[in-house]
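Engineer: Let me begin by handing over the structure; questions about it come next.
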Amino acid sequence: MADKQIDPALIADHNQNALADMLADYDALGAKLARQNVDIEQLTQKAVDFGVAIPSWGVGTGGTRFARFPGLGEPRNIYEKLADCAVIAQLSQATPTVSLHIPWDRPDDPAELRETAASWGLGIDAMNSNTFQDHDDMPLSFKYGSLSHTDEAVREQAIAHNIDCIEIGQKLGSKALTVWIGDGTNFPGQQSFTRSFERYLEAMKKVYAALPDDWRVFIEHKIYEPAFYSTVIQDWGSNYLAAKELGDKAQCLVDLGHHAPGVNIEMIVARLFQFGKLGGFHFNDSKYGDDDLDAGSINPYQLFLVFNELVDAELSNPSGFNPAYMLDQSHNVTDPIESLISSAVEVQRAYIQALLVDRAKLADYQDTNDVMMANRTLKSAYITDVSPILAMARHRAGGAIDPITTYRATGYRETVGKQRPARKGSGGGIV
Ligand code: PSV
Ligand code: MN
Ligand code: MN
Numbered sequence: 001m002a003d004k005q006i007d008p009a010l011i012a013d014h015n016q017n018a019l020a021d022m023l024a025d026y027d028a029l030g031a032k033l034a035r036q037n038v039d040i041e042q043l044t045q046k047a048v049d050f051g052v053a054i055p056s057w058g059v060g061t062g063g064t065r066f067a068r069f070p071g072l073g074e075p076r077n078i079y080e081k082l083a084d085c086a087v088i089a090q091l092s093q094a095t096p097t098v099s100l101h102i103p104w105d106r107p108d109d110p111a112e113l114r115e116t117a118a119s120w121g122l123g124i125d126a127m128n129s130n131t132f133q134d135h136d137d138m139p140l141s142f143k144y145g146s147l148s149h150t151d152e153a154v155r156e157q158a159i160a161h162n163i164d165c166i167e168i169g170q171k172l173g174s175k176a177l178t179v180w181i182g183d184g185t186n187f188p189g190q191q192s193f194t195r196s197f198e199r200y201l202e203a204m205k206k207v208y209a210a211l212p213d214d215w216r217v218f219i220e221h222k223i224y225e226p227a228f229y230s231t232v233i234q235d236w237g238s239n240y241l242a243a244k245e246l247g248d249k250a251q252c253l254v255d256l257g258h259h260a261p262g263v264n265i266e267m268i269v270a271r272l273f274q275f276g277k278l279g280g281f282h283f284n285d286s287k288y289g290d291d292d293l294d295a296g297s298i299n300p301y302q303l304f305l306v307f308n309e310l311v312d313a314e315l316s317n318p319s320g321f322n323p324a325y326m327l328d329q330s331h332n333v334t335d336p337i338e339s340l341i342s343s344a345v346e347v348q349r350a351y352i353q354a355l356l357v358d359r360a361k362l363a364d365y366q367d368t369n370d371v372m373m374a375n376r377t378l379k380s381a382y383i384t385d386v387s388p389i390l391a392m393a394r395h396r397a398g399g400a401i402d403p404i405t406t407y408r409a410t411g412y413r414e415t416v417g418k419q420r421p422a423r424k425g426s427g428g429g430i431v
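Its first residue numbered 1, the sequence shown is counted upward by one per residue in my numbering.
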């Protein structure tokens, strides 16, 4: 039995107030879905079973390159981050795991950290390495790159760091390493595209060789930033080539914010899955670049279309379907706990909406080139308000029917605000 951050009686109290309305909405939706031969109970179970990992770095207030405005009661270490993640998990019942970033979350005692996480019912998701910053305990600088650096000694330092992440992760019960590098150039001519990629592949082979049998490595591409002219792993093409070169345990990670505006991300998802290389996601939303805004806050239709491909993928090849779902966001003007709760719910919503797509009909419309009806089939799933299903799933699992209102009623932020002094920050925000 996991320890509780929030008094279950308080949640039950709030749920009691919201219960009658929620049941009425659930019954009405159940009746509507029944007319479409859809069993609401099956969808509710899918919602109960759904999980997306919280990024440990998301529970602190983020920043931009201009400034960071500290939030109240920001977590100061991995234990406090886990405490916040436990609140999110308890209220949303949709975030059973936490993804860690090393060295930001380096534990003194991994076994103890694992136990603490478990005591709150949390598991440890993918480990993220960090060779996009310099580290106090590393003699060499990553200013001109890491795994693709021209200097073998720097590459070796980056390789050793990734292996360190794997070793820590093993002690924590993780099963995956996510590698995102900022390596690239700011000016034409600065580096050879080909030789940089060769050096990267050679270095990643050494990281790959250190993976335990039951681990995967997720390679994360990003079009630009911090490099502004070229990036070594800039898109899914380079990502796929690298993953293919490395072997079966290497797969591609799609961070929704890492593409040029207008790119058809759902199609990338379909392609990667078709060729066995879809490793996982960093969900977030964006208007312009890697904005790291809350999932579903700008373009919820895109999120739905991504899940439409995922549901299709799972049906076409259930045994080959195992993508890792993680959030990757930066919260500058909201309470990170509220943003992460809301984002987890939006990702879950997109999944349930995608399950509503009538796939037999869709296939018929596609085969007969009935363009209008094919599109309407997707749209009719997307415009269905599945909120009562999500609320029921939370309620049944012990979470809050209305998680953000309930969170506010707990006074958690005010309480930790007294315990955790503000951390000043000026510029140089989180990527
Ligand atoms: C890079 O922009 C990124 O998306 C990678 O996932 C990093 O690990 C994370 O952000 C760090 O904030
Ligand atoms: Mn990311
Ligand atoms: Mn990013």
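The beta-carbon is built from N, C-alpha and C at its ideal position, and this holds for glycine as well.
Since we're looking at a predicted model, the values are computed, not measured.
Looking at residue 101 and ligand 2, is the gap between the Cβ and the nearest heavy atom below 7 Å?
Structural biologist: Here residue 101 refers to the residue found at position 101 when the sequence shown is read from its first residue. Residue 101: no, Cβ never under 7 Å from ligand 2.
Engineer: Please find out if some non-hydrogen atom of ligand 2 comes closer than 7 Å to the beta-carbon of residue 135.
Structural biologist: The residue you call residue 135 lines up with position 135 of the sequence shown. False, no ligand heavy atom lies under 7 Å from that Cβ.
Engineer: Terminal residues of the continuous beta strand (DSSP E) containing residue 162?
Structural biologist: Residue mapping note: residue 162 aligns to position 162 of the sequence shown, counting from 1. Element bounds for residue 162: not the beta strand (DSSP E) but the alpha helix (DSSP H), 152–172.
Engineer: By the DSSP assignment, the alpha helix (DSSP H) with residue 373 in it spans what residues?
Structural biologist: Taking the first residue of the sequence shown as 1, we reach residue 373 at position 373. Segment 371–382, the alpha helix (DSSP H) holding residue 373.
Engineer: Can the beta-carbon of residue 113 be found closer than 8 Å to that of residue 204?
Structural biologist: Mapped onto the sequence shown, residue 113 falls at position 113. Mapped onto the sequence shown, residue 204 falls at position 204. In this structure, residue 204 does not lie closer than 8 Å to residue 113 by Cβ.
Engineer: Does the beta-carbon of residue 372 have 16 or more other beta-carbons within 10 angstroms, so that it is buried, or is it exposed?
Structural biologist: Counted from its first residue, the sequence shown places residue 372 at position 372. When all chains shown are included, residue 372 counts as exposed.
Engineer: Identify every residue that forms a DSSP beta bridge with residue 127.
Structural biologist: Your numbering for residue 127 matches position 127 in the sequence shown. 100, 177, per the DSSP bridge assignment.
Engineer: Compute the Euclidean distance between the alpha carbons of residue 16 and residue 404, then round it to the nearest angstrom.
Structural biologist: Numbered from its first residue, the sequence shown carries residue 16 at position 16. Numbered from its first residue, the sequence shown carries residue 404 at position 404. Near 15 Å, if we compare the C-alpha coordinates of residue 404 and residue 16.
Engineer: Can you name the residues that DSSP bridges to residue 251?
Structural biologist: Mapped onto the sequence shown, residue 251 falls at position 251. DSSP lists 218 as partners of residue 251.
Engineer: Using only the alpha-carbon positions, how far apart do residue 313 and residue 92 sit?
Structural biologist: Indexing the sequence shown from 1 puts residue 313 at position 313. Indexing the sequence shown from 1 puts residue 92 at position 92. Going from the Cα of residue 313 to the Cα of residue 92 covers about 26 Å.
Engineer: Just tell me which of 144, 11, 386, 287 has its CA closest to the CA of residue 39.
Structural biologist: Walking along the sequence shown from the start, residue 39 turns up at place 39. Here the closest residue by C-alpha is 386.
Engineer: Output needed for residue 97: all residues of its chain with C-beta closer than 7 Å, excluding positions within five of it in sequence on either side, in chain order.
Structural biologist: Numbered from 1 along the sequence shown, position 97 holds the residue referred to as residue 97. Only 51, 53, 122, 123, 124, 125 meet the Cβ criterion.
Engineer: So what's residue 138 in DSSP terms, helix, strand or just coil?
Structural biologist: The residue you call residue 138 lines up with position 138 of the sequence shown. In the structure shown, residue 138 sits in coil (DSSP, three-state: anything other than H, G, I, E or B).
Engineer: State the Cα-Cα distance for the pair residue 278 and residue 12, rounded to the nearest angstrom.
Structural biologist: Position 278 of the sequence shown, counted from the first residue, corresponds to residue 278. Position 12 of the sequence shown, counted from the first residue, corresponds to residue 12. Spanning the two alpha carbons is a distance of roughly 39 Å.
Engineer: Could you check whether the Cβ of residue 328 sits closer than 7 Å to any heavy atom belonging to ligand 2?
Structural biologist: Reading the sequence shown from its first residue, position 328 is the one you call residue 328. Yes, Cβ of residue 328 sits closer than 7 Å to a heavy atom of ligand 2.
Engineer: Is the beta carbon of residue 439 within less than 7 Å of some heavy atom of ligand 2?
Structural biologist: Outside the displayed span of the chain (1 to 431) sits residue 439, for which this structure offers no information.
Engineer: Buried or exposed: where does residue 406 fall if 16 or more other Cβ atoms within 10 Å of its Cβ makes it buried?
Structural biologist: For the purposes of this step, residue 406 is taken as residue 406 along the sequence shown, with counting starting at 1. Counting Cβ neighbours within 10 Å, residue 406 comes out buried, since at least 16 surround it.
Engineer: Does the separation of the CB atoms of residue 331 and residue 61 fall below 8 Å?
Structural biologist: Numbered from 1 along the sequence shown, position 331 holds the residue referred to as residue 331. Numbered from 1 along the sequence shown, position 61 holds the residue referred to as residue 61. Yes, Cβ-Cβ distance for residue 331 and residue 61 is below 8 Å.
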